[in-house]
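In this note's numbering, the protein residues as written are 68 to 162. The beta carbon of each residue, even a glycine, is placed where N, CA and C say it ideally should be. Notes to accompany the following structure.
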């Protein structure tokens, strides 16, 4: 693993999944793994991902539902970030 992944994992904590099946998360169901993945469940997690990116310089891909996403067989040497159920809906007050 790269030092950027290690640094990001230290910041994000034990919920980071290493060697995550990136291709399996897409509608095509093909492709390699990601060095790591992390699901953002709340605003604090979002802040942690921002900090991990800033302090580790790790490459990040934000994955939605996985449609129109094709992953190389060689995988992705970075962090795949997914939004959890808390982000299924966003309300804006005062708009």
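Rounded to the nearest angstrom, the gap between the Cα atoms of residue 133 and residue 92 is 6 angstroms. Residue 102 is positioned such that its CB atom lies closer than 7 angstroms to that of residue 72.
Out of 98, 147 and 161, the CA that lies nearest to the CA of residue 83 is found in 147. DSSP lists 101 as the beta-bridge partner residues of residue 143. When only Cα atoms are considered, residue 140 and residue 88 end up about 11 angstroms apart.
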